[in-house]
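Novice: So the protein lines, in turn, are chains A and B. All residue numbers for the first sequence refer to our numbering, where the first residue is 1 and numbers rise by one. All residue numbers for the second sequence refer to our numbering, where the first residue is 1001 and numbers rise by one.
Number of protein chains: 2
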Amino acid sequence: MLDDRKASILRAVVEEYIHTAQPVGSGHVASAPAVSVSSATVRNDMATLESEGFLAQPHTSAGRIPTDAGYRYYVDHLAGRAILDRSSAQQVRFFFDHTHGELERMLADTSRLLSGLTGTAAVITGPPQETAVVRSVQLVGLTPTLALLVVVLSNGGVEKATVDLGAAGADADEDELAAAGAHLSRHLVGHHLSELAVVPAPPEPAHERPALAAVVAAARATADGSDGDHLYVGGTDRMAGAFDAVETVREVLGLLEQQLVVVTLLRDVLDRGLQVAIGAETGMAPLAECALVVAPYEIEGEPVGSVGVLGPTRMDYAQALAAVAVVGQRLGRRLSEG
Amino acid sequence: MLDDRKASILRAVVEEYIHTAQPVGSGHVASAPAVSVSSATVRNDMATLESEGFLAQPHTSAGRIPTDAGYRYYVDHLAGRAILDRSSAQQVRFFFDHTHGELERMLADTSRLLSGLTGTAAVITGPPQETAVVRSVQLVGLTPTLALLVVVLSNGGVEKATVDLGAAGADADEDELAAAGAHLSRHLVGHHLSELAVVPAPPEPAHERPALAAVVAAARATADGSDGDHLYVGGTDRMAGAFDAVETVREVLGLLEQQLVVVTLLRDVLDRGLQVAIGAETGMAPLAECALVVAPYEIEGEPVGSVGVLGPTRMDYAQALAAVAVVGQRLGRRLSEG
DNA sequence: ATCAGCACTCGGTAGGCTTCAGTGCTCGCC
DNA sequence: GGCGAGCACTGAAGCCTACCGAGTGCTGAT
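#1: Please report how far the alpha carbon of R1011/B lies from the alpha carbon of V1024/B, in whole angstroms.
#2: Quick one: which chain B residues come within Cβ less than 7 Å of G190/A?
#3: Kindly list, in the order they appear in chain B, the residues whose Cβ is closer than 7 Å to that of V150/A.
#4: Determine, for S1136/B, whether the minimum Cβ-Cβ distance to residues of chain A falls below 8 Å.
#5: Taking only runs of the beta strand (DSSP E) that begin and end inside the segment 1111 to 1177 of chain B, which ones reach a length of at least 3 residues, in chain order?
#6: For V1246/B and G1141/B, I'd like the C-alpha separation in whole angstroms.
#7: In terms of DSSP beta bridges, what is H1192/B paired with?
#8: The beta strand (DSSP E) that contains E1281/B, what's its start and end?
#9: Per DSSP, which residues does R64/A bridge with? Please list them.
#10: On the DSSP bridge assignment, give the partners of S306/A in chain order.
#11: Report all residues from its chain with a CB closer than 8 Å to the CB of P1312/B; omit the five preceding and five following residues, and keep chain order.
#12: Since L2/A meets chain B, which of its residues come closer than 7 Å, beta carbon to beta carbon?
#13: Helix, strand or coil for G1181/B per DSSP?
#14: Is the distance from the Cβ of G235/A to the Cβ of R105/A below 8 Å?
#15: Name the chain A residues that come within less than 8 Å of E1298/B, Cβ to Cβ?
#16: List the residues of chain B whose Cβ lies closer than 9 Å to the Cβ of D237/A, in chain order.
#17: Roughly how many angstroms separate the alpha carbons of A1179/B and A180/A, rounded to a whole number?
#18: I think I9/A touches D316/A, with their Cβ atoms under 8 Å apart; what is that distance to the nearest whole Å?
#19: Under 8 Å, Cβ to Cβ, is there at least one residue of chain B near E102/A?
#20: Can you check DSSP and say which residues form a bridge with L1231/B?
#21: Can you pull the chain B residues whose beta carbon is under 9 Å from the beta carbon of G234/A, in chain order?
#22: With 16 other CB atoms within 10 Å as the buried threshold, where does D1068/B fall?
#23: Within 10 Å of its beta-carbon, does M1001/B have 16 or more other beta-carbons around it, so buried, or fewer, so exposed?
#24: Under 8 Å between the Cβ atoms of L55/A and R64/A?
#25: So does the segment 1153 to 1167 of chain B actually touch the segment 136 to 154 of chain A, counting three or more Cβ pairs closer than 8 Å?
#26: Which of helix, strand or coil does DSSP assign to G1254/B?
#27: Can we say the segment 1292 to 1308 of chain B touches the segment 1319 to 1335 of chain B, given the rule of at least three CB pairs closer than 8 Å?
#28: How far does the alpha helix (DSSP H) with T1041/B in it reach, from first residue to last?
#29: Taking the straight line between their C-alpha atoms, what separation do you get for G156/A and E251/A?
#30: Do the CB positions of V42/A and V276/A come within less than 8 Å of each other?
#31: From A1280/B to P66/A, what does the alpha carbon distance come to, in whole angstroms?
#32: Can a CB atom of chain A be found closer than 8 Å to the CB of T1282/B?
#33: Using a Cβ cut-off of 7 Å, pull out every chain A residue sitting near G1332/B, in sequence order please.
#34: List the whole-angstrom C-beta distance separating G305/A from I124/A, where the pair is believed to meet the contact cut-off of C-beta under 8 Å.
#35: Compute the Euclidean distance between the alpha carbons of S188/A and D268/A, then round it to the nearest angstrom.
#36: Could you check the C-alpha separation between L1107/B and V1294/B for me, to the nearest Å?
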């Protein structure tokens, strides 16, 4: 725990650095209103803060830069609970009052909203299928050898899988499709999608009803090959200028394309009880210079997904926390009412 | 039309510049095997090529760089019909032999494949709903005041729309939902999705069957609010190093997030009968330094979408054309067989 | 027509110098 | 003993100069 003065100094350094992206010198800090000692004293304290690991010096005779630990202390103890500024709040309200259309579209738009609010990239994980319950199962023939299995979930999501009937040497007999659909329906409606994997084989011998068997097999195969939750990314363009090393930009963009990795990351961070993951805390090498600010969102009281902001470690944490909290809350409310 | 020697020189400049990203001098060109004259002669011809608009000089006493017109001439007359190299071809074959899962997933993966082949960003437009025919319409109740309209298309796509029954003050009577579904089904199955907009109002007076009316109204509203074709973008990370101005990178990334714009762009380019759009030819200011290489793909003989590659103007056009052609063809074939 | 030769141009790099922001330390003061 | 004025020191950044070299345009000989 830092004494008051050191805390003020750390805070001043972090906030100034977030603002200017330049190493902060003792002079600047001393002239901050919250600090009322001379620059010499500030220098002493900054040296201490450096030896304690909160600050770092790019080179002698340069100002100080916060380390990851410095940012961590800042968000834990110093960043005031910022409230979204007027115009942002209005923007959020306007967005959620006027957004419409299907879920995917809306989540993608929300990620762009969040990106606009914070000036960094934003990510949103969609409501996962796991918590949702199957509402309807339908089997639609597309071609004589191809059918589409469409599963509607209680959260408004739709999962689908193609079923190749030809592979089983089974013709798409209308009756059979209907029977297969009914069979799946019987075992799935009201259950979680994950139980697709354990739908029992049809009672009749496979050779009598080849299509039915094929469908069940295909359905099972799809269940675990399922690509899991979707990810919506907005504001990737903001990453372009965020780091001075192009290589870093490339790595971060590359990571953002691996949806599964990011979804896992968000879940991990929340599971660890964090709202903010800074640098190495993310556990991902390409994100060494990034910070992630996350908030879960709830549908009817159940946490079902998360909204997050991904930017350079020198980001406005207070604003990001506020934005993420508000957007998460409004998104949840919006989804709860449908 | 350029005479043989000038053409060889232009070709040498373009290929060298694509390779090194450095202005090409007369010396380099003269030492190319296809050019058997001295550097002085090359200089004369390069001066002519510059005055004709095919080359440009960043400054006196630097080599030449191709202009957009130079690239255009190159792709039209000089770029040999390259064939994909062995390992790439194998990679493509492997991919299409092993890819599986649902359409969206597969298209996203394909965009990444194409990006890997060419070293630039890749875009793929999904099969559009316009050409597809409705196979099935289903109305599923989610909550007492909310239903989901699910439309399955003949191309395996699924469109959905939420219908707020509460708004109409109508309760979701099972019967009514079924009736509404049947009504839509009757008018839509076998037709194009676009006709959703002109589904006739139900025969019975609205006050007797409020839900039915609400559904039809909602369906109509969705029809034109529909977000059109989807876009799959892969390899955005490749853009990071592609331009020296960060601002350009930002603009291009920003553009790639506007799916509708990109979809329109691809369609436009193909409509103009082009395979390649260079710089200003794209008609988009942020793409002034970009080139786009496109190929359509067909399902059962019908062109339904396009695959494209978006990179800096100094890209390997021959390779990009080959990659785009092969991937488009294989993708079409793969989708045709299901 | 082609090309060797030549004077010229101009961006890029290297070295040397200065400036300046910022530090650490010391020492006197309250 | 904590604080701050003073001071010597450090090292990056900016600036000037000179120089180099890649590359040009032109000329005149073949």
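Here a beta-carbon is modelled for each residue, glycine too, at the ideal position from N, C-alpha and C.
Specialist: Straight from the coordinates:
#1: One-based indexing of the second sequence puts residue 1011/B at position 11. One-based indexing of the second sequence puts residue 1024/B at position 24. When rounded, the distance between both Cα atoms is 11 Å.
#2: Here residue 190/A is taken as the residue at index 190 of the first sequence, counted from 1. Residues of chain B passing the Cβ test: none, with the nearest at roughly 13 Å.
#3: Numbered from its first residue, the first sequence carries residue 150/A at position 150. Here the neighbours are V1150, V1152, V1158.
#4: Indexing the second sequence from 1 puts residue 1136/B at position 136. Residue contact check for S1136/B against chain A: a CB pair falls below 8 Å.
#5: Segments of the beta strand (DSSP E) lying fully in the segment 1111 to 1177 of chain B: 1121 to 1125, 1134 to 1143, 1146 to 1153, 1158 to 1164.
#6: On the second sequence, position 246 is the one that residue 1246/B refers to. On the second sequence, position 141 is the one that residue 1141/B refers to. Rounded to the nearest angstrom, the two C-alpha atoms are 49 Å apart.
#7: By 1-based counting over the second sequence, the position of residue 1192/B is 192. V1133/B.
#8: Counting from one through the second sequence, the residue named residue 1281/B turns up at place 281. Here E1281/B belongs to no beta strand (DSSP E), and DSSP marks it neither H nor E.
#9: Taking the first residue of the first sequence as position 1, residue 64/A is located at position 64. According to DSSP, which records beta bridges pairwise, R64/A is partnered with V24/A.
#10: Position 306 of the first sequence, counted from the start, is the residue given in the question as residue 306/A. BP columns for S306/A point to T125/A, P296/A.
#11: Counting from one through the second sequence, the residue named residue 1312/B turns up at place 312. Only T1120, A1242, F1243, E1289, C1290, A1291 meet the Cβ criterion.
#12: Residue 2/A sits at position 2 when you count from the first residue of the first sequence. Chain B residues near L2/A: none, gap ~37 Å exceeds 7 Å.
#13: Position 181 of the second sequence, counted from the first residue, corresponds to residue 1181/B. In the structure shown, G1181/B adopts helical secondary structure according to DSSP, grouped into three states.
#14: Residue numbering aside, residue 235/A sits at position 235 when the first sequence is read from its first letter. Residue numbering aside, residue 105/A sits at position 105 when the first sequence is read from its first letter. Taking 8 Å as the Cβ cut-off, G235/A and R105/A do not qualify as a contacting pair.
#15: Position 298 of the second sequence, counted from the first residue, corresponds to residue 1298/B. Those within 8 Å of E1298/B in chain A number zero; the least Cβ separation is about 16 Å.
#16: Walking along the first sequence from the start, residue 237/A turns up at place 237. Near D237/A (Cβ distances below 9 Å), the residues of chain B are V1249, R1250, E1251, V1252, L1253, G1254, L1255, L1256, E1257.
#17: Taking the second sequence and counting its residues from 1, the one referred to as residue 1179/B is at position 179. Taking the first sequence and counting its residues from 1, the one referred to as residue 180/A is at position 180. Cα to Cα, the separation comes out at about 24 Å.
#18: For this step, residue 9/A is matched to residue 9 along the first sequence. For this step, residue 316/A is matched to residue 316 along the first sequence. Their Cβ separation, rounded to whole angstroms, is 19 Å, which puts I9/A and D316/A out of contact at 8 Å.
#19: If you number the first sequence from 1, residue 102/A lands on position 102. Chain B contact via Cβ: present.
#20: Locating residue 1231/B in the second sequence gives position 231, counting from the first residue. T1125/B.
#21: Working through the first sequence from its first residue, we reach residue 234/A at position 234. Under the 9 Å cutoff, chain B gives E1257.
#22: Position 68 of the second sequence, counted from the first residue, corresponds to residue 1068/B. Buried.
#23: Taking the second sequence and counting its residues from 1, one reaches residue 1001/B at position 1. So M1001/B counts as exposed.
#24: Here residue 55/A refers to the residue found at position 55 when the first sequence is read from its first residue. Here residue 64/A refers to the residue found at position 64 when the first sequence is read from its first residue. Contact flag set, yes.
#25: yes
#26: Here residue 1254/B refers to the residue found at position 254 of the second sequence. Of the three classes helix, strand and coil, the one that applies to G1254/B here is helix, per DSSP.
#27: Touching, yes.
#28: For the purposes of this step, residue 1041/B is taken as residue 41 along the second sequence, with counting starting at 1. T1041/B -> alpha helix (DSSP H) spans 1039 to 1051.
#29: Counted from its first residue, the first sequence places residue 156/A at position 156. Counted from its first residue, the first sequence places residue 251/A at position 251. So the alpha carbons of these two residues sit roughly 34 Å apart.
#30: For the purposes of this step, residue 42/A is identified with residue 42 of the first sequence, where counting begins at 1. For the purposes of this step, residue 276/A is identified with residue 276 of the first sequence, where counting begins at 1. No.
#31: As a working note, residue 1280/B is residue 280 in the second sequence. As a working note, residue 66/A is residue 66 in the first sequence. So the two alpha carbons sit approximately 44 Å from each other.
#32: Start at 1 with the first residue of the second sequence, and residue 1282/B comes out as number 282. Taking Cβ atoms only, chain A never reaches closer than 8 Å to T1282/B, which makes this a no.
#33: As a first step, residue 1332/B must be located in the second sequence, where it is residue number 332. Per Cβ cutoff of 7 Å: no residues; G1332/B is ~15 Å from chain A at best.
#34: Residue 305/A sits at position 305 when you count from the first residue of the first sequence. Residue 124/A sits at position 124 when you count from the first residue of the first sequence. Contact holds; Cβ gap of about 7 Å.
#35: For this step, residue 188/A is matched to residue 188 along the first sequence. For this step, residue 268/A is matched to residue 268 along the first sequence. Note that residue 188/A is Leu in the sequence shown here, rather than Ser. Going by the C-alpha atoms only, they are around 29 Å apart.
#36: Position 107 of the second sequence, counted from the start, is the residue given in the question as residue 1107/B. Position 294 of the second sequence, counted from the start, is the residue given in the question as residue 1294/B. Our two residues, L1107/B and V1294/B, have alpha carbons roughly 15 Å apart in a direct line.
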